[in-house]
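Accompanying notes for the structure given below.
Protein chains: 2
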Amino acid sequence: MSASPSGPGTSRTRSWWGWGYADAHPDDAACVALGALLPGTLARPLPVPRVADLSVGRPGVTPPTALAHLVTSDPDVRAAHAMGRAYRDIVRALRGRPGRIPDLVARPTHDREVADLLDWAGGRGVAVIPFGGGSSVVGGVEYRGDTHRAVLSLDLTSMDRVLEVDTVSRSARIQSGALGPVLEAQLRPHGLTLRHFPQSFEFSTLGGWLATRAGGHYATGRTHIDDFVQSLSVVTPAGTSTSWRLPASGAGPSPDRLFLGSEGALGIITEAWMRLQERPRHRASASVAFADFQQALEAVRAIAQSDLSPANCRLLDPGEALLSGASHDGSAVLVLGFESAASPVDGRLASAVDLALAHGGHGGSRGRGGRGGHDGTPAADGDAPADTAVSAWRSAFLRMPYLRDGLARMGAVVETFETAATWDRVPALIDAVRTEVGSAATKATGHPATVNCRLTHVYPDGVAPYFTVAVAGRPGDEVRIWDDIKAAASEVLHRYRATITHHHAVGRDHRPGYDLQRPAPFALALRAAKDALDPHRILNPGVLID
Amino acid sequence: MSASPSGPGTSRTRSWWGWGYADAHPDDAACVALGALLPGTLARPLPVPRVADLSVGRPGVTPPTALAHLVTSDPDVRAAHAMGRAYRDIVRALRGRPGRIPDLVARPTHDREVADLLDWAGGRGVAVIPFGGGSSVVGGVEYRGDTHRAVLSLDLTSMDRVLEVDTVSRSARIQSGALGPVLEAQLRPHGLTLRHFPQSFEFSTLGGWLATRAGGHYATGRTHIDDFVQSLSVVTPAGTSTSWRLPASGAGPSPDRLFLGSEGALGIITEAWMRLQERPRHRASASVAFADFQQALEAVRAIAQSDLSPANCRLLDPGEALLSGASHDGSAVLVLGFESAASPVDGRLASAVDLALAHGGHGGSRGRGGRGGHDGTPAADGDAPADTAVSAWRSAFLRMPYLRDGLARMGAVVETFETAATWDRVPALIDAVRTEVGSAATKATGHPATVNCRLTHVYPDGVAPYFTVAVAGRPGDEVRIWDDIKAAASEVLHRYRATITHHHAVGRDHRPGYDLQRPAPFALALRAAKDALDPHRILNPGVLID
Numbered sequence: 246m247s248a249s250p251s252g253p254g255t256s257r258t259r260s261w262w263g264w265g266y267a268d269a270h271p272d273d274a275a276c277v278a279l280g281a282l283l284p285g286t287l288a289r290p291l292p293v294p295r296v297a298d299l300s301v302g303r304p305g306v307t308p309p310t311a312l313a314h315l316v317t318s319d320p321d322v323r324a325a326h327a328m329g330r331a332y333r334d335i336v337r338a339l340r341g342r343p344g345r346i347p348d349l350v351a352r353p354t355h356d357r358e359v360a361d362l363l364d365w366a367g368g369r370g371v372a373v374i375p376f377g378g379g380s381s382v383v384g385g386v387e388y389r390g391d392t393h394r395a396v397l398s399l400d401l402t403s404m405d406r407v408l409e410v411d412t413v414s415r416s417a418r419i420q421s422g423a424l425g426p427v428l429e430a431q432l433r434p435h436g437l438t439l440r441h442f443p444q445s446f447e448f449s450t451l452g453g454w455l456a457t458r459a460g461g462h463y464a465t466g467r468t469h470i471d472d473f474v475q476s477l478s479v480v481t482p483a484g485t486s487t488s489w490r491l492p493a494s495g496a497g498p499s500p501d502r503l504f505l506g507s508e509g510a511l512g513i514i515t516e517a518w519m520r521l522q523e524r525p526r527h528r529a530s531a532s533v534a535f536a537d538f539q540q541a542l543e544a545v546r547a548i549a550q551s552d553l554s555p556a557n558c559r560l561l562d563p564g565e566a567l568l569s570g571a572s573h574d575g576s577a578v579l580v581l582g583f584e585s586a587a588s589p590v591d592g593r594l595a596s597a598v599d600l601a602l603a604h605g606g607h608g609g610s611r612g613r614g615g616r617g618g619h620d621g622t623p624a625a626d627g628d629a630p631a632d633t634a635v636s637a638w639r640s641a642f643l644r645m646p647y648l649r650d651g652l653a654r655m656g657a658v659v660e661t662f663e664t665a666a667t668w669d670r671v672p673a674l675i676d677a678v679r680t681e682v683g684s685a686a687t688k689a690t691g692h693p694a695t696v697n698c699r700l701t702h703v704y705p706d707g708v709a710p711y712f713t714v715a716v717a718g719r720p721g722d723e724v725r726i727w728d729d730i731k732a733a734a735s736e737v738l739h740r741y742r743a744t745i746t747h748h749h750a751v752g753r754d755h756r757p758g759y760d761l762q763r764p765a766p767f768a769l770a771l772r773a774a775k776d777a778l779d780p781h782r783i784l785n786p787g788v789l790i791d
Numbered sequence: 246m247s248a249s250p251s252g253p254g255t256s257r258t259r260s261w262w263g264w265g266y267a268d269a270h271p272d273d274a275a276c277v278a279l280g281a282l283l284p285g286t287l288a289r290p291l292p293v294p295r296v297a298d299l300s301v302g303r304p305g306v307t308p309p310t311a312l313a314h315l316v317t318s319d320p321d322v323r324a325a326h327a328m329g330r331a332y333r334d335i336v337r338a339l340r341g342r343p344g345r346i347p348d349l350v351a352r353p354t355h356d357r358e359v360a361d362l363l364d365w366a367g368g369r370g371v372a373v374i375p376f377g378g379g380s381s382v383v384g385g386v387e388y389r390g391d392t393h394r395a396v397l398s399l400d401l402t403s404m405d406r407v408l409e410v411d412t413v414s415r416s417a418r419i420q421s422g423a424l425g426p427v428l429e430a431q432l433r434p435h436g437l438t439l440r441h442f443p444q445s446f447e448f449s450t451l452g453g454w455l456a457t458r459a460g461g462h463y464a465t466g467r468t469h470i471d472d473f474v475q476s477l478s479v480v481t482p483a484g485t486s487t488s489w490r491l492p493a494s495g496a497g498p499s500p501d502r503l504f505l506g507s508e509g510a511l512g513i514i515t516e517a518w519m520r521l522q523e524r525p526r527h528r529a530s531a532s533v534a535f536a537d538f539q540q541a542l543e544a545v546r547a548i549a550q551s552d553l554s555p556a557n558c559r560l561l562d563p564g565e566a567l568l569s570g571a572s573h574d575g576s577a578v579l580v581l582g583f584e585s586a587a588s589p590v591d592g593r594l595a596s597a598v599d600l601a602l603a604h605g606g607h608g609g610s611r612g613r614g615g616r617g618g619h620d621g622t623p624a625a626d627g628d629a630p631a632d633t634a635v636s637a638w639r640s641a642f643l644r645m646p647y648l649r650d651g652l653a654r655m656g657a658v659v660e661t662f663e664t665a666a667t668w669d670r671v672p673a674l675i676d677a678v679r680t681e682v683g684s685a686a687t688k689a690t691g692h693p694a695t696v697n698c699r700l701t702h703v704y705p706d707g708v709a710p711y712f713t714v715a716v717a718g719r720p721g722d723e724v725r726i727w728d729d730i731k732a733a734a735s736e737v738l739h740r741y742r743a744t745i746t747h748h749h750a751v752g753r754d755h756r757p758g759y760d761l762q763r764p765a766p767f768a769l770a771l772r773a774a775k776d777a778l779d780p781h782r783i784l785n786p787g788v789l790i791d
């Protein structure tokens, strides 16, 4: 297997085409076992793709001497920067037709070099695609146009240091190219943590989280990375924007909020002062089963509208619960977790469990006082939780993207998408997604489809449901089938005025839905801002703004 | 006394020139007593100004017939819309030289009329100044230019209804012209509350809060109005921007965050879906005294960095504590309050008091279980708290702007300004403000100045200090003295990279400081957005963008 160079901070090899580490991929036998779960899939897995089988081609542009040491045209590196890690990307690699492979990959080490690269690219019509961990599942890091002379993938992972720590204000200045484990390792000696743990934690960077408004660890309250930003430095073709470090401000529209979610279209986020927390000392988790999913929704709403603030409050529907091993009897399962640096959390957990039981929950088990990462945090962050359903869910959570790739090798089409809506619309929305997206998947393939749902983040006024659709595909036709499923999903979300994305970002795959969602005057304003900051239109073309 | 028509929802008469209700103003004897507190003030108060003494002039433009029923040229109404309620505004009225009086005042009743008024104004070069409660203390609602043919004050207080309440998602669609008490009165029958109580609560509107990113009730956590917005409708000259109602979204930069804080320069916010809460059932408050202000700062930091989340955590320095009656022995006083709709808060209060005592606090008293509005909430919201220092502070808090106007009548110059900074800079910042702004006030007047400080909002990573400067002025020279004090304050804030405003907004008075604070590329983007949305540059000219 051809592979990209090792990621920073680890000796394990990253896969050039699939999720995460190459050595964590399911082997052929495991793929066959996965395929057996879905009627109609292949008898044998598609072969693991190799860069050597691609026609990578020679770069269409040469960097200037002064920047040459930052730039590579190595085919393995370029192939590993050609796409993100959506199912659509995986299957294109498996079929030997990945997205456009960038001409060059640059790895700057400080802001000045980023600015110099933008200057050079702007003068030559070279598209610049910012690249962090490359874990985009929305087509955020590939070039799909044809109006640029060449494509430069701007890999920021050499800018991965925590530059300053302010223990008094509990904050740190962190370079944007730091992967999750890399930044947490540098914060740990100070007793502090960013505590932002998206599912992609190991394979995504601070800059990626900021550029896509990633959703993190917390199931309630402040979970989007937006809320943990004190200030940003963003290199744009029109100069570097550095906001002041402030705990809060009312001085005009927030400069940071314009760049948060800008997905590389307005500038390259190079560093940020981030708000940190003490590491939690008290934790407790529990799970509660529900025979009725609607009752479970009501339980979650009651907890979200209490002031209990669980760190984890994830509801798995029966299909999700079964797949993750959290239940085996067709129950939905609510996974609850609490944590605190200051005081024991057993009382809050007990109150939340009581609320769940009062809303029709039953059974379940409780893990008191564990130090465990009940919350989807990586193994390094703590021991396994005491509650078995919680523990099963957690390991399945981190394993899921690998299993998706195994299913893809068996010819399955797998799509995951997420949204958010206010509580009044949630039950009907979830029903409509199940019915309509399932039908679309079956219609496109002739095979039965499974549509599972979990709630990943809950708010007093609404919730973020996350859907997984899996269906056996037709060999060679997977991208079109995936497009049909995506279109059906977008149609339902639009009808219910549910956001096209809660935390996966827009990228290129969600552009049609985003364009329908975004108010027209705001689109005018954003386009004008883009013209002002990126006059040569080189920054991540096709993302957010045409 | 000439006065504007009564405010909605009350039969009391609003003052056309001073804070709040005319019948709440200190009388001449009370003014003399106030003046005695500041050496060098006048022996007798300046007379209360009358509209009849102004040269209001005839309007420079006539509205079209179709809109005429929405528009008035009544001199009393126009005078009441000429300025906000900064000290600078008050003293200009007292000296008979208010800001430019608008030619017309319009009171639209729905979005279509707002759009029609903008169309009309855009075609004729008429400046449009959005006007809610008129409580701006930063020159946000007056015209200071000379490039427009006429000035229209767009008063939104006829759009003051709660249009829909969603009790499932705990949210409501509210028209932007609703004053605080007007919107709370409409939410109360549903058992819900917005719980946004700025000091100006009675005299400011939802639209004003949104346009200025107002800071509210909560001393910790989410306090800026920004965090309570589900969606906005904004009428711009380029069309109406209506975002979807969402509990959260990661779809590109937040449309709402561009309009939040736009201060009328990008569009007219006409309604918003706002996140609500159950009304609190449990409350407790306490005060703790500190002989040493630095120790008190450390106590506040410890509480802010705990997970106790007090609703109120306001630290008064000795001068503030004395003036408000919260202490009489030169102590600083920390006012603490907790509230919850769900569960008793005595335990959290006790933990916070313990933290304060462990950091050098002493004495103080505690009011357990009271229903009282310990938090600056208006009387309608609950009974007085049991703690006497808390109670004294609360009534002084609501009375302060009236006293400021009384001092102004005695020839004093009074400036209040606020900021926010990270904890590492806070002690030096507060010292520098006291020393340098005090010196500037004395230098400008020849009189001793008092500079008091309180902390209004606290965060894990920093704090928002609020300063009050008072000094006897030189008759007729008050505006220049105030400008000198403002310049000195801005200089210190800039040096410490402390925001020019935490919750008072930028308006016209803070433009120099704002222009220094705002990153240059963001200014480019904002200007481009303004050009796209307001091509005729009629919206609140001079605010945020030239």
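Residue numbers (our numbering), protein chains in the order written: chain E, 246 to 791; chain B, 246 to 791. We put the beta carbon where it would ideally sit given N, CA and C, even for glycine.
Here L511 (chain B) really is in contact with L784 (chain B); their C-beta atoms are around 7 angstroms apart, less than 8 angstroms. Taking a 10 Å sphere around the C-beta of R593 (chain E), we find 16 or more other C-beta atoms and assign the residue as buried. Annotation for V301 (chain B): P320, R323, A324 and I346 place their beta carbon closer than 8 angstroms to its own, counting only its chain and skipping 5 residues before and after. Counting of Cβ neighbours within 10 angstroms places E409 (chain E) among the exposed residues, the total staying below 16.
DSSP places Y332 (chain B) inside the alpha helix (DSSP H), whose first and last residues are Y332 to L339. DSSP places E429 (chain E) in the uninterrupted alpha helix (DSSP H) bounded by G425 to L432. In chain order, S585, A586, A587 and S588 make up the part of chain E whose C-beta sits under 8 angstroms from the C-beta of D552 (chain B). Under the Cβ criterion of 8 angstroms, V407 (chain B) is not counted among the residues facing chain E. Setting aside the 5 residues that flank it on each side, A536 (chain B) is surrounded in the same chain by S576, each with a C-beta closer than 7 angstroms to its C-beta; the list follows chain order. Of the candidates B:L477, B:L491 and B:V407, the residue whose Cα lies closest to the Cα of L503 (chain B) is B:L477.
The beta-bridge partner set that DSSP reports for Y711 (chain B) consists of B:E663 and B:R699. Contacts between H326 (chain E) and chain B, judged by CB atoms closer than 7 angstroms, are missing: the closest CB pair is about 23 angstroms apart.
With a threshold of 8 angstroms between beta carbons, Y711 (chain E) makes no contact with chain B. Every alpha helix (DSSP H) stretch that sits fully inside the stretch 442 to 497 of chain E and reaches 4 residues is listed by chain position as 451 to 457. Inclusion of V383 (chain E) and A331 (chain E) in the CB contact set at 8 angstroms is warranted, their separation being smaller than that value. Taking a C-beta distance under 8 angstroms as the contact criterion, L600 (chain E) and S554 (chain E) do not qualify as a contact pair. Exposed is the label assigned to S684 (chain E), since fewer than 16 other Cβ atoms lie within 10 Å of its Cβ.
With fewer than 16 other beta carbons inside 10 angstroms of its own, Q539 (chain E) counts as exposed. Nearest to T664 (chain B) by alpha-carbon distance, out of B:G564, B:Y759, B:V359 and B:P720, is B:Y759. Secondary structure note for T633 (chain B): it is in no beta strand (DSSP E), and the uninterrupted alpha helix (DSSP H) holding it is T633 to R654. Within the stretch 389 to 420 of chain B, the residues whose Cβ lies closer than 8 angstroms to some Cβ of chain E are D411, V413, S414, R415 and S416, listed in chain order. T661 (chain E) has a beta carbon lying at 8 angstroms or more from every beta carbon in chain B. Taking all protein chains shown into account, K775 (chain E) has 16 or more neighbouring C-beta atoms within 10 Å of its C-beta and is therefore buried. Below 8 angstroms, enough C-beta pairs join the stretch 748 to 764 of chain B and the stretch 378 to 393 of chain B to call them touching: three or more.
Taking the C-beta atoms as reference points, L439 (chain E) is found nearer than 8 angstroms to L521 (chain E).
Straight through space, the alpha carbons of W264 (chain E) and V678 (chain B) are spaced by roughly 54 angstroms.
Nearest to R406 (chain E) by alpha-carbon distance, out of E:D356, E:S572 and E:A715, is E:D356. Within chain E, not a single residue places a beta-carbon under 8 angstroms from that of W454 (chain B); the smallest gap is close to 10 angstroms. Where V350 (chain E) is concerned, the enclosing beta strand (DSSP E) starts and stops at L349 to A351. Taking 3 residues as the shortest admissible run, the stretch 484 to 562 of chain B contains the following complete beta strand (DSSP E) segments, listed from N- to C-terminal end: 484 to 487, 513 to 520, 527 to 535 and 557 to 561.
R490 (chain B) is positioned such that its CB atom lies closer than 8 angstroms to that of T667 (chain E).
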